[in-house]
Amino acid sequence: MTEYGPGPQERISTGVPGLDTVLHGGFLRGRTYMLMGLPGAGKTILANQTCFHHIRQGHGVLYVTLLAESHTDLISNLEPLSFFDASRVGQTATYVSAFNVLEQGGLDALLALIRKEIKARDASLLVLDGLVAAEEMAPSPQALKKFIHNLQVVTGMLGCTTLILTTGGGKGLRAEHTMVDGLIVLRQRTLGARMLRELDVRKFRGSAHLLGWHSFDITSDGLVVYPRLESLPREDIAYTPSGHTRCAFGIAGLDAMLLGGILSGSTTLLYGPPGSGKTLLGVSFLAQGARQGERGHHFAFYDSPERMRVQARGVGLDLDPLIERGNLGVSYHPPLENVLDKLGAQLLSLIRERGVRRLFLDGYDGLQKASAQRGRVTRFLAALVNECRQRDVTLIYTAETSAAFGPELKFPLQGLSLVAENILFLRSVELRSQLRRFICAMKVRNSGYDHSFRELLIGEKGLAVGDIIEDGQQLLTGQARVPTHRGQ
Amino acid sequence: MGPILIVDDEFGMVESIRDLLQDEGYPTMEAFDGREALERMAVERPSLVLADYMMPLMNGPELLDAMKKAPELRDIPVVIMSSAPPSFWRHLPCTAFLPKPFRLGPLLAVIHQVIGAPPGR
C-alpha cells in the first residue's frame, strides 16, 4: 500500500503591493480565480504584474489570449511598466493566442491546448485573457460551465494557479462565478469629478481575506493596492505599554499643565481656529521627541517641508539638525485628490516599518477631503488610533474649528472619545483690544491635569504658556471681558 | 497493455484524468459509477482501475469487493481515490491509495509503480 498526499497549502504572491495583504498572502496554488472588470479597470496589468513577479521567483508562466489583440500590442503596452522584463518573453513567460484553436476546434480543443502548453512550459501560473470569446464560441451556457470546471480540475492536478480575465459582459455576477475558487472585481467609480479605482474580493475559497472595497492606483510600477485601514487585521504584538511614560512638548508651561506631558501611546486632538498655533505645537512636540532620540514624523496636508522649517525657525526652533540626523521626518500631502486608503498605507508604513514613535497628523480636514464617504473618517481614525496604541506611538492630530470666534463649540467628529483620549483646545480671543491666543486642556484621560485657561505666547524665542489670567472671564466664548473698575 | 479504467462520478475528474493519461500515452476507458465499471470490464479487461470512493449505485469499496469475488477480475490492481480521511479507506485491500486532491505527479507515480511506463516508451 502506498500513500500519495497533497502537500501543504502553497501561496503564489501577486507581487502587487497591498494585494497580498488583502488576500492574506496571495493566491493559492492550483486554484482558479476570475478577475472581473470593465475595459480599463486594470485586469491585464494586474495579471501581467503577477506573471512577472512569478517569473522572478523562478517559475514559468503561460499567458493565453483569446481576443484579437496581438501580443505585439500587449507587450508594447506593458513595456513602460517597471515590472515588465522583455528578456523573459518567450522563455519563462509564454504568450500564445488560442483564438484560432478555439474557432476551429471549440472548447475541447482549447482545453487540450492549455493542458499541453502548461506541461510543455512547466507553467505554474496560467492567465486566460478574454473569456468572452470562449463564451461566444460555446454552444450553450452549460458547455461554458463544463469548460471552466474541467479547466479547474486539470489546472488543479497540474498544480497551476489560473487567472481568468473577463469583463463579465457588464451583466454582473453569473453562474460560472460560483464555480471558480475566487472572484476579484475591479471597478472605477465616479465621485463628483473624481474617479476612484477600487477592488473587491467577492469570494476566496480556502482562505480568509480582507472584506470590502479597497482603493488602488495604476502607476508606472503597475498596480498598488491600499487595503482599507479599518479592515486590516491586528498584528499580534508582544509589546505591553508601561502606561506611565510621559511625552513632553518641550514647552515648559504646557508640560506643567499636563503634569509632564501626554501619556506615551495616547492620542491627542489639537482643536482650534486658524492661526491659533496648532501646527507649531505639533512640530514642537516632534522636535522635543527627536532631541530625546524618539523618531518623529510630520504628516502634513497644509505646509510643505520648507515652509514648516521656515515657520519653525521663526519661533526659534531649528529643525534642520533633527531632520539631517533622521529623527524627524516630513511628508507633505497637498490637499488635492488624496485617496484615504493610500494615506492609510503610508501612515501604517511609518508606524510599522519606519519606527516612528511620535506622529503628528496635520490635520483632520485633509483626511476628510480624502474620504469618499463622510462617515469613514472616524472609523479610519479609530483604526489608526488602535494601531498607534498597540505600538506605543504617540499620535497628535489637528482639527480646525468651524468658527474663528463665537460662543458655539462644535466638534467635527462624531464619537470623539473613540479617537481622542486627550483634547487640547486652542482659542483666539479678543481681550483689551488685542487678539490673543489661549490654550486649555479640555480632557486628558487616565491622568490628572491642570484645566486652567492659559495664554499661549508665540514669539521669536519660542512658544510658551503663560500664567493663568486671573481676571479673565468667558474666555471660552471668544468674547472675553474683564471686570470694570469704578473710578477709572 | 490493457487500458486504465477511470471510475468517478465527477465528470470533470474522469475527463481530466483521461486526457492527462492519454497525453502520457496510456490507453484509457471511463465509467461514472461502480456498476458501469463492472459492465466495462466485462467487455475489456483493464490493466489498472482508478476508482473513487464515494459514487452512486456502487461505490469504490463495493466495486473492489465485487472484483475480489470475481475470478477473472480479482487480480486487476485497484487504486482508490478519496478526499475522505485515511481511516475510511486504510483498511481496504486495494493496491494503493491516492488522497484527493492530488497532482499529476503523484498520479503518474502510482501508475508507473503499479503497471509501469506507457506502451511505446
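Chains as they are written, first to last, in the UniProt record's numbering: chain Z, 1 to 488; chain G, 1 to 121.
Where a beta carbon is used, it is the ideal one built from N, C-alpha and C, also for glycine.
Because the structure is a prediction, the values reported are computed rather than measured.
### Query
Is DSSP giving S70(Z) helix, strand or coil here?
coil
#### Entry: M1(Z) - DSSP class collapsed to helix/strand/coil
Note on M1(Z): pLDDT 38, under 50, position unreliable in the model; the coordinate value appears next. M1(Z) falls in the coil class under three-state DSSP.
#### Entry: First through last residue of the alpha helix (DSSP H) which encompasses S16(G)
Element bounds for S16(G): F11 to E24.
### Query
Does the ligand MG have a heavy atom nearer than 7 Å to the CB of H177(Z)?
With respect to the ligand MG, the structure offers nothing, as it holds no ligand at all.
### Query
Would V377(Z) be called buried (16 or more neighbouring beta carbons within 10 Å of its own) or exposed?
buried
### Message
Strictly under 8 Å for the Cβ-Cβ distance: is D19(G) near chain Z by that measure?
### Response
yes
### Task
Please report how far the alpha carbon of A420(Z) lies from the alpha carbon of L269(Z), in whole angstroms.
6 Å
### Message
Looking at chain G, is there any beta carbon in it that lies within less than 8 Å of the beta carbon of G60(Z)?
### Response
Not a single C-beta of chain G is nearer than 8 Å to the C-beta of G60(Z).
### Query
Residue ranges of each beta strand (DSSP E) run of no fewer than 3 residues wholly in the region 296-375 of chain Z, ordered along the chain?
296-300, 328-332 and 358-362
### Segment contact flag, the region 83-98 of chain Z with the region 56-71 of chain Z, C-beta cutoff 8 Å, min 3 pairs
yes
### Query
Looking at the structure shown, is S266(Z) part of a helix, part of a strand, or coil, going by DSSP?
coil
### Partner residues on chain Z for D23(G), Cβ-Cβ distance less than 9 Å
A112, R115, K116 and K119
### Query
Span of the beta strand (DSSP E) holding K203(Z)?
Counting along the chain, the beta strand (DSSP E) containing K203(Z) begins and ends at R194 to F204.
### Message
Contact criterion: CB-CB distance below 8 Å. Does F102(G) meet it with respect to chain Z?
### Response
yes
#### Entry: Proximal residues, the region 87-102 of chain Z versus chain G, C-beta separation under 8 Å
none
#### Entry: Residue from T162(Z), E198(Z) and V180(Z) whose Cα sits closest to the Cα of A41(Z)
Checking every option, the nearest Cα to that of A41(Z) belongs to E198(Z).
### Message
Less than 8 Å between the beta carbons of L131(Z) and T166(Z), yes or no?
### Response
Yes, the pair counts as a contact, with Cβ atoms nearer than the cut-off.
#### Entry: Where C51(Z) sits in the DSSP three-state scheme
Helix, per DSSP.
### Message
So with CB distances below 9 Å, who are the chain Z contacts of M67(G)?
### Response
Residues of chain Z passing the Cβ test: none, with the nearest at roughly 17 Å.
### Query
Are any of the Cβ atoms in chain G nearer than 8 Å to that of N150(Z)?
Interface residue, yes.
### Query
Which chain G residues sit within Cβ distance under 8 Å of V16(Z)?
Near V16(Z) there are no residues of chain G at all, since even the closest Cβ is about 26 Å away, more than 8 Å.
### Query
By the criterion of Cβ-Cβ separation under 8 Å, what are the contact partners of M157(Z) in chain G?
S16, I17, L20, P101, F102, R103, L104 and L107
### Query
Which whole-angstrom value describes the C-beta separation of M29(G) and P3(G), a residue pair presumed to lie in contact below a C-beta threshold of 8 Å?
That belief holds up - the Cβ atoms of M29(G) and P3(G) are roughly 5 Å apart, short of 8 Å.
### Message
For a quick check, are the C-beta atoms of L163(Z) and A138(Z) less than 8 Å apart?
### Response
no
#### Entry: DSSP state of N100(Z) mapped onto helix, strand, coil
helix
### Task
Compile a chain-ordered list of the residues in the region 40-69 of chain Z whose CB is closer than 9 Å to at least one CB of chain G.
none
### Every unbroken beta strand (DSSP E) within the UniProt domain "Response regulatory" (3-115) of chain G, with a cutoff of 3 residues, ordered by chain
4-7, 28-31, 48-52, 78-82 and 96-99
### Message
Quick check on E324(Z): buried or exposed, where buried means 16 or more other Cβ atoms within 10 Å of its Cβ?
### Response
exposed
### Query
Using the beta-carbon count (16 or more within 10 Å), is D318(Z) buried or exposed?
With fewer than 16 other Cβ atoms within 10 Å, it is exposed.
### Neighbourhood of Q22(G) by C-beta distance below 8 Å, restricted to the same chain and skipping five residues each side
T28
### Query
Do you know whose CA, among N48(Z), A370(Z), F204(Z) and Q49(Z), lies nearest P334(Z)'s CA?
A370(Z)
### Query
Are the CB atoms of R103(G) and M157(Z) nearer to each other than 8 Å?
yes
### Task
Check the Cβ-Cβ distances between V153(Z) and every residue of chain G, and say whether any is below 8 Å.
yes
### Message
Tell me the rounded alpha-carbon separation between G105(G) and P86(G).
### Response
20 Å
### Query
Taking DSSP as the reference, what is the three-state secondary structure of E387(Z)?
helix
### Message
For a contact defined as C-beta to C-beta under 8 Å, what are the partners of M13(G) on chain Z?
### Response
V153
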